[in-house]
Ligand SMILES: C[S@@+](CC[C@H](N)C(=O)[O-])C[C@H]1O[C@@H](n2cnc3c(N)ncnc32)[C@H](O)[C@@H]1O
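Numbering (our numbering), first residue to last: 5 to 204.
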């Protein structure tokens, strides 16, 4: 689904935090946290994004758009950035906030079909913002299947999480992964993890 003539929304942090909190009240499991990602967490995520000039960056769970904005500020062109957000109110906000970014108001598990065959395998980094730990293993497998179908061969995805340990069971999901960064300056304190498909 693509935006129809969006108009830009000015960045209003308090209004965005309030919108986020209301959506958390409506669906705590899908939201996973009570507030948008902090500036400290955004910096730690963008630092680890990798892409070649012609590659895309794809975000799963755009929320109110703090990571989306940080990715743009880090130099990723808007036409190389796509964000999936399942909550219609948040997707609507995201489109107005970042009108040049392609926002899919849909489930990130549909990313391969919604991006289309031609863009599968052309994504430098997937940034997963959805709270994977709150979902069962079967759902996690579906998200990772979509992730690896769109990532370039051998590509890495980033996942931010509020757990002290790996938010994904690396053995069960056949992943290698490590903690890349941590910040106490987020509500709650958060880590950034990077994962790839385990070899062989
Ligand atoms: C922890 S919030 C992160 C929001 C934002 N990226 C940030 O850093 O503040 C998780 C977001 O993932 C979205 N989400 C949850 N499940 C999803 C799914 N299956 N597909 C797309 N978005 C999903 C939620 O609606 C929510 O906006």
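Think of the CB as a built atom: it goes at the ideal place given N, C-alpha and C, for glycine as much as any other residue.
DSSP places residue 126 in the coil class of the three-state scheme, outside both helix and strand. For residue 117, the number of other beta carbons within 10 angstroms of its own is below 16, and it is reported as exposed. If you draw a straight line from the Cα of residue 174 to the Cα of residue 198, it comes to about 11 Å. When the alpha-carbon of residue 47 is set against those of 137, 67, 76 and 57, the nearest one is in 76. Each residue's CA atom was taken as its position, placing residue 153 and residue 124 some 6 Å apart.
Shown here for residue 167: same chain residues with a beta carbon closer than 7 Å to its own, the five before and five after excluded, namely 137 in chain order.
Taking a 10 Å sphere around the C-beta of residue 107, we find 16 or more other C-beta atoms and assign the residue as buried. Within 8 Å of the C-beta of residue 73 there is not a single heavy atom belonging to ligand 1.
Cβ neighbours of residue 141 within its own chain (closer than 8 Å, five residues either side excluded): 173, 176 and 177. For residue 203, no beta strand (DSSP E) segment is defined, and its DSSP state is neither H nor E. By the CB criterion at 9 Å, residue 89 and residue 74 fall outside the cutoff. Annotated three-state conformation of residue 152 is helix, per DSSP.
Beta-bridge annotation (DSSP): residue 196 is paired with 164 and 185. In the pairwise beta carbon analysis, the segment 183-194 is classified as not touching the segment 144-152: fewer than three pairs are separated by under 8 Å.
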